[in-house]
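Following our numbering, the numbering of the sequence shown begins with 195 at its first residue and continues without gaps. Below you'll find the structure, written out as structure tokens, and then a few comments.
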Amino acid sequence: MSKTKERIREGNLRYKQSLGQNFLYDEELLASLADAAGIRPGEDVLEIGPGCGSLTKHLCRRAGHVLSVELDERLIPLLNAFMAEEKNLTVLQGDIMAVDLPKITEPLSKPFAVVANIPYYITTPLITRLLTSGLDISRLALMVQKEVADKILSSPGDEGWGPLAIRCRYMCEPYRAMEVPAACFTPPPKVDSTFIVLPVREKPAVEVKDEEMFFRVSAAAFALRRKTMVNNLCATFRAERAQAVQWMTDAGLDEKVRGERLSLEELARLADVMAEGKESI
């Protein structure tokens, strides 16, 4: 029996479906994931969703200090007991979507890495929260649903290309580190997973005059699927068609192009044009 399954049995735990709990148990895989996270010697780590601490132990062997945030209060005593020998670990009970991120990460050396095995239903909100937090993060290493990884790694015109992919590509250089079949978890989820790594760029992939406008325009591109960007601009910004066409023309874009086909560079040009008249939008 794996160490993870032993811990669950000894703790007399029942999986909480409401928390999307699926624990990794293969020691060789866990070591490979810790390696794939790319933790540099002495680098601190914010771990989200440690569960029973199976991956945590491998992170502690590689990191300077590990701060593990776990939502399920039932797991805290188990974590503290099984990880008692790890002197470079701090365990915190809390909801990562609600905690004060700057406050809890203040003791960590900067930049720090984020490693997470979290419920799939909070993947997009969590990535967005981390990338907009202003924290000095070196990279995100996340276990996500394979479909989400496909979206993050998609290109303009692909079915998965959208606001999440744009934000990730704008701020990071994501790559697929490892595919993880459902059978590697207990209990096995209904879908396969991907361990994806998102090194944070020193500067964004494209230069923009107004970052807020860039993300507003990026979101507008997908407001109405399979519609032209002109139609999306009219719907999102309540602009007259002539005005939307003028924005596209000034950005050097075809007025008939669909929003989901625009690249980062094209969205940046359009956002820069619109930023010049931001007060009236």
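All C-beta atoms, glycine included, are put in the ideal place defined by N, C-alpha and C.
Completely contained alpha helix (DSSP H) runs for the segment 339-389, where each covers 4 or more residues: The alpha helix (DSSP H) runs of length 4 or more contained entirely in the segment 339-389 are, from start to end of the chain, 340-346 and 357-365.
Can you tell me the Cα-Cα spacing of Leu336 and Val391, whole angstroms? Numbered from 1 along the sequence shown, position 142 holds the residue referred to as residue 336. Numbered from 1 along the sequence shown, position 197 holds the residue referred to as residue 391. A straight-line Cα-Cα distance of about 6 Å links Leu336 and Val391.
Count the other CB atoms, across all protein chains shown, that sit within 10 Å of the CB of Gly236; report buried if there are 16 or more and exposed otherwise. Within the sequence shown, numbered from 1, the residue matching residue 236 stands at position 42. When all chains shown are included, Gly236 counts as exposed.
Secondary structure at Phe416, three-state DSSP: helix, strand or coil? To locate residue 416, count along the sequence shown from 1; it is residue 222. Phe416 carries a coil assignment under DSSP once its states are collapsed to helix, strand and coil.
On the three-pair Cβ rule with 8 Å, is the segment 365-375 touching the segment 324-344? Counting Cβ pairs under 8 Å, three or more are found: they touch.
Helix, strand or coil at Val451 [DSSP, three-state]: Translated into positions along the sequence shown, residue 451 becomes position 257. Secondary structure at Val451: coil, using DSSP grouped into helix, strand and coil.
On the three-state DSSP scale, how would you describe Leu302? Stepping through the sequence shown from its first residue, residue 302 is reached at position 108. In this structure, Leu302 counts as coil in the three-state DSSP scheme.
I'd like the list of long-range same chain contacts for Ser412, defined as Cβ closer than 7 Å, with 5 residues on each side in sequence excluded. Position 218 of the sequence shown holds residue 412. Closer than 7 Å at Cβ, skipping near neighbours: Pro357, Ile360 and Leu461.
Rounded to the nearest angstrom, what separates Glu473 and Leu249 at their Cα positions? Start at 1 with the first residue of the sequence shown, and residue 473 comes out as number 279. Start at 1 with the first residue of the sequence shown, and residue 249 comes out as number 55. The straight-line gap from Cα to Cα measures roughly 49 Å.
Report the rounded CA-to-CA distance for Arg420 versus Leu347, giving the unit in angstroms. Translated into positions along the sequence shown, residue 420 becomes position 226. Translated into positions along the sequence shown, residue 347 becomes position 153. Separation of Arg420 and Leu347 (C-alpha to C-alpha, rounded to the nearest whole angstrom) is 20 Å.
Give me, in chain order, the residues of the same chain whose beta-carbon lies closer than 7 Å to that of Asp238; leave out the 5 immediate sequence neighbours on both sides. On the sequence shown, position 44 is the one that residue 238 refers to. For Asp238, where only same-chain residues beyond five positions count, the Cβ hits under 7 Å are Ala257, Gly258, His259, Leu302, Ser303 and Phe306.
With a CB to CB cut of under 7 Å and the five nearest residues on each side skipped, what residues in its chain are close to Arg234? Position 40 of the sequence shown, counted from the first residue, corresponds to residue 234. For Arg234, same chain residues with a beta-carbon under 7 Å away, outside a window of 5 residues either side, do not exist.
Any idea which residues DSSP pairs Asn426 with across the strands? Your numbering for residue 426 matches position 232 in the sequence shown. None, per the DSSP bridge assignment.
In the DSSP assignment, find the unbroken alpha helix (DSSP H) run with Thr326 in it and report its ends. Residue numbering aside, residue 326 sits at position 132 when the sequence shown is read from its first letter. Note, Thr326: premise wrong, no alpha helix (DSSP H); not H, not E.
If you count every other CB in all the chains shown that lies within 10 Å of the CB of Ala310, and 16 or more means buried, which is it? The residue you call residue 310 lines up with position 116 of the sequence shown. Taking all protein chains in view, the Cβ of Ala310 is crowded by 16 or more other Cβ atoms within 10 Å, so the residue is classified as buried.
Three Cβ pairs or more, each shorter than 8 Å: is that satisfied between the segment 285-303 and the segment 261-270? Result yes; three or more Cβ-Cβ pairs closer than 8 Å.
How would you call Thr198, buried or exposed, if buried means at least 16 neighbouring beta carbons within 10 angstroms? Within the sequence shown, residue 198 is the residue found at index 4, counting from 1. Bear in mind that a pLDDT of 48 at Thr198, under 50, signals an unreliable position, so the number given afterwards is only what the model happens to contain. When all chains shown are included, Thr198 counts as buried.
Once you ignore the five residues that flank Val451 on each side, which residues in its own chain have a CB closer than 7 Å to its CB? Reading the sequence shown from its first residue, position 257 is the one you call residue 451. Excluding residues within five positions, the ones whose Cβ falls inside 7 Å are Thr422 and Met423.
Just to check my reading of the structure: Gly479 and Ile312 have Cβ atoms closer than 8 Å, yes? What is that Cβ distance to the nearest angstrom? Since the first and last residues shown for the chain are 195 and 475, residue 479 lies out of range.
Since Val239 is in the beta strand (DSSP E), which residue starts that stretch and which ends it? Reading the sequence shown from its first residue, position 45 is the one you call residue 239. Membership of Val239 in the beta strand (DSSP E) is indicated by the continuous run Val239 to Ile242.
Please state whether the Cβ-Cβ distance between Ala228 and Leu265 is less than 8 Å. Residue mapping note: residue 228 aligns to position 34 of the sequence shown, counting from 1. Residue mapping note: residue 265 aligns to position 71 of the sequence shown, counting from 1. No. Outside cutoff.
Under 7 Å Cβ to Cβ from Gly354, same chain only, skipping five residues before and after it: list those, please. As a working mapping, residue 354 is identified with position 160 in the sequence shown. Asp344, Lys345 and Ser348.
Taking all protein chains shown into account, decide if Ala275 is buried (16 or more other Cβ within 10 angstroms of its Cβ) or exposed. To locate residue 275, count along the sequence shown from 1; it is residue 81. Result: exposed.
Gly453 to Asn282 span [Cα, whole Å]: Here the question's residue 453 lines up with position 259 in the sequence shown. Here the question's residue 282 lines up with position 88 in the sequence shown. Straight-line Cα distance between these residues: approximately 48 Å.
Can you tell me whether DSSP reads Leu262 as helix, strand or coil? The residue labelled residue 262 in the question sits at position 68 within the sequence shown. Looking at the sequence itself, residue 262 is Ser, so the reference to Leu does not match. In the structure shown, Ser262 sits in a strand (DSSP, three-state: E or B).
Rounded to whole angstroms, how far is the Cβ of Ala230 from the Cβ of Phe389, which I believe are closer than 8 Å? Within the sequence shown, the letter at position 36 stands for residue 230. Within the sequence shown, the letter at position 195 stands for residue 389. Contact flag correct, Cβ pair sits at about 6 Å.
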